[in-house]
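Under the UniProt record's numbering, the first residue of the sequence shown is numbered 1, with each subsequent residue one higher.
Beta carbons are placed, not taken as given, at the ideal position from N, Cα and C, and that holds for glycine.
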Amino acid sequence: MNIRWYEAMTVSDVYRPPLFSIAPMMGWTDNHYRTLARLISKHAWLYTEMLAAETIVYQEENLDSFLAYSPDQHPIVLQIGGRNLENLAKATRLANAYGYDEINFNCGCPSPKVSGRGCFGAVHMLNPKFVGEAMSVIAANTDAPVTVKCRIGVDDHDSYSNFIHIVSSTSPTKHFIIHSRKALLSGLSPADNRRIPPLKCVPAYICIALTQLVSKESLAFSSALLLVKCRYEYFFALLRDFPDLKFTINGGINSVLEADAALRSGAHGVMLGRAAYYNYFMEFLCWLCNSPWHLLGHVDTLIYGSPSSGITRRQVLEKYQVYGESVLGKYGKGRPNLRDIVRPLINLFHSELGNGQWKRRTDAALLHCTTMKTFLDEVLPAIPDFVLDSSAVKEATGREDLFADVRRLLPPPYEREPHSSKELKSLPEKPTILDEE
């Protein structure tokens, strides 16, 4: 049985949200990625991919393939989604046996598959009363802390403070992870929802308009302007208006220095997403963001104040090889396959000497290699020894002043209103279950 971090807490201890966590990402934060991330950072909190409560309930005979993980991955959070209270309760009870450190409820995913056919995710923000009921059900069936991940708003509804007020006052929820973009549920893909809705700040609207006027070649300028001008004042207004709650900021933060700046500005925690997996900003803004290797490699020292482990990528790959061989085909032929296991490694040498050849050799090796050993024997010669044997000692990069002016941009204080005075659109009565694809 896995031991959760909070089981050793004394009565006098107060819940403290994670300082730094890696966001749950469908198709990305699986067991393989989490194993790699933990080899690089010992303290970053890891999240599972979102699991629908129905998946857990209907796969009761096959739960290990969905919920099992190595004890080395602690601290780890299970994110679940759903809109059927009975299934949420049962899924939570089934997950308890796996010893997750926290359970998070997804109220932020804008995917049409989730918020459309599935009728959960970001669409829950239109019905905070239901979210309060769901969080009460989840909390009643676990001893682990429960949290909500949500957006600043949904479509034309910007009453994010009302959502926080209702959920926190009708359930045991005391910690919210806030994605600083609103979700547009009509006509935008999940990728567009990460890019098009401006981060909730006044200057961002100007920057978004500018991106429509510049050519593709000028995208670097407009993207840089967007990042520089964001102030996140709506997130920090939550800290002011709800002093008894805890808030983690998410969205638009792409380096450890920016995460540290958010913490020093008052955020209780910081969550990073794709910057911790692949460095999508590096294509245009190579001066701004470090690679995922250097990002995760600085979390323990800069965020948690721990001494550097000194681990190198050669050592990481040696340990990951042992892991990969142990899980290859564990759940049947090709489940997982070598390509699944190798995928988190693709960007391990981003922006380093030999990275291009590493990726080309990887593509070729995956056509015929059947073990981690044969794969690494074929691709590792692409990377010079000095790169393989160096630790993440590059100086962390990013904007330390990202939140410098946030206090003077705060919107007016939230005035609490009775729940009945703001009746938001409710969900369909009949639940729709996600098709498993």
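Give a yes or no on whether the minimum CB-CB distance between residue i and chain C is below 9 Å.
i	result
Ser390	Looking at the structure shown, chain C is missing, and only one protein chain is on hand.
Using 10 angstroms around the beta-carbon of residue i, count the other beta-carbons present and answer buried if the total reaches 16, otherwise exposed.
i	result
Tyr304	exposed
Pro413	exposed
Glu61	exposed
Phe386	exposed
Glu102	buried
Pro344	buried
Gly310	exposed
Lys373	exposed
Gly356	exposed
Ala68	exposed
Asp143	exposed
Glu258	buried
Ser308	exposed
Arg360	exposed
Gly121	buried
Lys246	buried
Asp244	exposed
Arg240	exposed
Arg38	buried
Val322	exposed
Ser306	exposed
With distances taken Cα to Cα, identify the nearest neighbour of residue i among the options.
i	options	result
Gly82	Thr92, Asn96, Ala68, Ala53	Ala53
Cys369	Asp64, Phe349, Leu348, Asn337	Asn337
Tyr15	Trp45, His175, Leu63	His175
Asn347	Gln321, Leu366, His294	His294
Leu78	Arg38, Leu36, Met25, Pro128	Met25
Arg339	Ala365, Glu378, Ile383, Lys319	Ala365
Thr371	Glu133, Ala95, Glu325, Ala275	Glu325
Trp358	Ile80, Thr173, Ala382, Trp28	Ala382
residue 447	Phe66, Arg240, Val379	Look at the range of the chain in this structure, 1 to 437, and you will see that residue 447 is not part of it.
Tyr47	Trp28, Leu63, Ala237, Ile76	Ile76
Val148	Asn254, Thr248, Arg416, Gln59	Thr248
Glu133	Ile22, Thr173, Val154	Thr173
Glu415	Ile80, Asn162, Leu388	Asn162
Where do the N-terminal and C-terminal ends of the beta strand (DSSP E) with residue i fall, by residue?
i	result
Lys149	146-151
Thr362	Where Thr362 is concerned, there is no enclosing beta strand (DSSP E), although the alpha helix (DSSP H) it sits in stretches over 355-365.
Gly81	76-81
For residue i and residue j, I'd like the C-alpha separation in whole angstroms.
i	j	result
Leu288	Asn87	For Leu288, the predicted structure reports a pLDDT of 43, less than 50, and the residue's modelled location is therefore unreliable. The matter cannot be settled from this model.
Ser136	Val57	19 Å
Gly354	His43	29 Å
Leu225	Tyr33	Low per-residue confidence applies at Leu225: pLDDT is 35, beneath 50, and the placement is therefore not dependable enough to give any value.
Leu367	Asp72	31 Å
Thr55	Asn250	26 Å
Pro292	Leu51	25 Å
Leu19	Arg264	11 Å
Ser351	Ser390	14 Å
Tyr98	Pro411	42 Å
Val256	Thr301	10 Å
Lys430	Leu85	The predicted model places Lys430 with a pLDDT of 38, which falls under 50 and marks its position as unreliable, so this point remains unresolved.
Val316	Pro384	15 Å
Leu376	Glu318	9 Å
Asp379	Gly266	Note on residue identity: the sequence assigns Val, not Asp, to residue 379. Approximately 44 Å between the Cα atoms of the pair.
Arg93	Val146	13 Å
Ile341	Asp363	13 Å
Tyr160	Tyr277	29 Å
Leu126	Cys150	11 Å
Val327	Tyr100	20 Å
Asp64	Arg335	12 Å
Ile166	Val299	34 Å
Lys229	Phe236	Only weak support exists for where Lys229 lies, its pLDDT of 36 falling under 50; the coordinates are left without a value.
Met271	Val154	20 Å
Lys129	Gly108	16 Å
Ala95	Trp45	18 Å
Gln59	Ser70	20 Å
Ala23	Ala275	10 Å
According to the Cβ coordinates, are residue i and residue j closer than 9 Å?
i	j	result
Pro17	Gly269	yes
Ser168	Phe105	no
Ile138	Ile178	no
Ser171	Val131	yes
Ser41	Gly329	no
Gly252	Arg181	yes
Phe349	Arg313	yes
Ala262	Tyr232	yes
Ala89	Asn31	no
residue 464	Thr29	Residue 464 is absent from the structure shown; the chain starts at 1 and stops at 437.
Please list the terminal residues of the continuous alpha helix (DSSP H) segment that includes residue i.
i	result
Ser136	128-140
Ser21	No alpha helix (DSSP H) contains Ser21, which is instead part of the beta strand (DSSP E) from 20-22.
Lys246	It is not in any alpha helix (DSSP H) - Lys246 instead sits in the beta strand (DSSP E) that spans 246-250.
Asn31	31-40
Phe163	160-169
Return yes when the C-beta of residue i is under 8 Å from any heavy atom of the ligand FMN, and no when it is not.
i	result
Lys246	As far as ligands go, the structure on display features none, and thus does not contain the ligand FMN.
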